[in-house]
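What follows is a single structure, written as structure tokens, with notes after it.
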Amino acid sequence: MPTLILVRHGRSTANTAGVLAGRTPGVHLDERGAGQAAALPARLAALSPVLAVSSPLERCRETLQPLLEARPGLPLHTEDRISECDYGHWSGRKLAELADEPLMSVVQQHPSAAAFPGGESMRAMQARAVDAVRDWNARVEAEHGEDATYVMCSHGDIIKSLVADALGMHLDLFQRVQVDPCSVTAIRYTRLRPFLLRLGDTGGLASLAPHERPVGADAAVGGGAGAP
Numbered sequence: 669m670p671t672l673i674l675v676r677h678g679r680s681t682a683n684t685a686g687v688l689a690g691r692t693p694g695v696h697l698d699e700r701g702a703g704q705a706a707a708l709p710a711r712l713a714a715l716s717p718v719l720a721v722s723s724p725l726e727r728c729r730e731t732l733q734p735l736l737e738a739r740p741g742l743p744l745h746t747e748d749r750i751s752e753c754d755y756g757h758w759s760g761r762k763l764a765e766l767a768d769e770p771l772m773s774v775v776q777q778h779p780s781a782a783a784f785p786g787g788e789s790m791r792a793m794q795a796r797a798v799d800a801v802r803d804w805n806a807r808v809e810a811e812h813g814e815d816a817t818y819v820m821c822s823h824g825d826i827i828k829s830l831v832a833d834a835l836g837m838h839l840d841l842f843q844r845v846q847v848d849p850c851s852v853t854a855i856r857y858t859r860l861r862p863f864l865l866r867l868g869d870t871g872g873l874a875s876l877a878p879h880e881r882p883v884g885a886d887a888a889v890g891g892g893a894g895a896p
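Numbering (our numbering), first residue to last: 669 to 896.
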């Protein structure tokens with residue numbers, strides 16, 4: 669099955685202002701975020717993604733724009749199911765202010781029980797994101813083969829929840845995962861289990877490029893990253 673390159677959007681104006689943006693429209697990359705996005709094509713230069721998938725929010729599309737310009741033939745698809753968590757009435761509020769909300773301790777310590785007022789639960793967020801990835805894996809494999817790689821640009825909580833799913837972790841542990849703006853997380857999906865190849869990587873990614881497996885070579889004992 670395919671390898672998924674998950675990119676968190678670059679630093680946004682909401683990140684800089686300490687605001688929980690959620691799905692608030694008009695949140696763009698700040699100057700540093702634009703620079704992070706501009707560096708993305710070089711970081712992915714050794715890879716050959718067959719397509720890109722983006723959250724519908726502006727900051728994700730802006731993050732992928734330099735990559736699309738560097739690879740004019742790369743198809744871009746918008747996927748609503750990897751949009752930011754719907755924080756409901758919390759959207760647009762300062763994080764410092766939200767720290768005093770009783771629900772915040774639930775979000776941090778027991779997220780599987782957290783549901784945002786006027787928004788969605790974190791369980792629902794993870795479920796839709798996992799469903800989206802499973803569907804895209806099947807589509808990419810059917811159209812491009814099991815060794816294909818594709819890029820998906822989304823948001824911090826979405827990516828962390830996908831990592832938790834790949835590692836077989838309960839959602840209540842996903843706050844232990846950190847993915848910085850414009851970091852890359854790579855997951856290789858197989859028939860039996862996923863392998864987490866990179867987590868929150870902000871450097872070069874040349875070692876993720878596919879390489880030929882020696883004829884007759886067996887998977888490493890214990891199931892290494894390249895195991896089928």
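Idealized CB from N, CA, C, for every residue including glycine.
C-alpha distance - residue i paired with residue j, whole-angstrom precision
i, j, result
"residue 881", "residue 848", "Because residue 881 carries a pLDDT of 46, less than 50, the predicted location of this residue cannot be relied on, and no value is offered for it."
"residue 770", "residue 675", "31 Å"
"residue 767", "residue 775", "10 Å"
"residue 834", "residue 764", "31 Å"
"residue 852", "residue 785", "31 Å"
"residue 876", "residue 812", "18 Å"
"residue 722", "residue 815", "21 Å"
"residue 708", "residue 792", "30 Å"
"residue 838", "residue 832", "7 Å"
"residue 688", "residue 789", "16 Å"
"residue 864", "residue 760", "32 Å"
"residue 726", "residue 751", "10 Å"
"residue 836", "residue 842", "11 Å"
"residue 829", "residue 712", "23 Å"
"residue 739", "residue 773", "43 Å"
"residue 824", "residue 692", "15 Å"
"residue 801", "residue 867", "17 Å"
"residue 781", "residue 762", "22 Å"
"residue 749", "residue 796", "6 Å"
"residue 710", "residue 821", "16 Å"
7 Å CB neighbourhood of residue i in its chain, flanking five on each side removed
i, result
"residue 730", "696, 697 and 705"
"residue 724", "746, 748 and 751"
Supposed close pair residue i, residue j - CB separation, criterion 8 Å
i, j, result
"residue 673", "residue 743", "The Cβ separation is near 15 Å, so there is no contact."
"residue 694", "residue 850", "20 Å between Cβ atoms; not a contact."
"residue 869", "residue 779", "With 8 Å as the limit, residue 869 and residue 779 do not qualify as a contact, their Cβ atoms being about 24 Å apart."
"residue 818", "residue 719", "5 Å"
"residue 856", "residue 671", "5 Å"
Other residues of its chain near residue i: CB distance less than 6 Å, five sequence neighbours each side excluded
i, result
"residue 684", "698"
"residue 845", "828 and 831"
"residue 745", "721"
Test: residue i CB closer than 8 Å to a CB of chain C
i, result
"residue 867", "Of the chains in the structure shown, none is chain C; there is only one protein chain."
Sequence-distant residues of the same chain with beta carbon closer than 8 Å to residue i, five excluded per side
i, result
"residue 679", "697, 698, 700, 701, 704, 849 and 850"
"residue 755", "688, 690, 691, 784 and 787"
"residue 757", "784, 785, 786 and 787"
- Given 8 Å as the limit, is there contact between the region 797-812 and the region 723-737, that is, 3 or more CB pairs closer than that? No, because fewer than three Cβ pairs between the region 797-812 and the region 723-737 fall closer than 8 Å, the two stretches do not touch.
- Task: Any chance you could list the beta strand (DSSP E) runs of at least 3 consecutive residues sitting entirely within the region 798-850, in chain order?
- Result: 817-822
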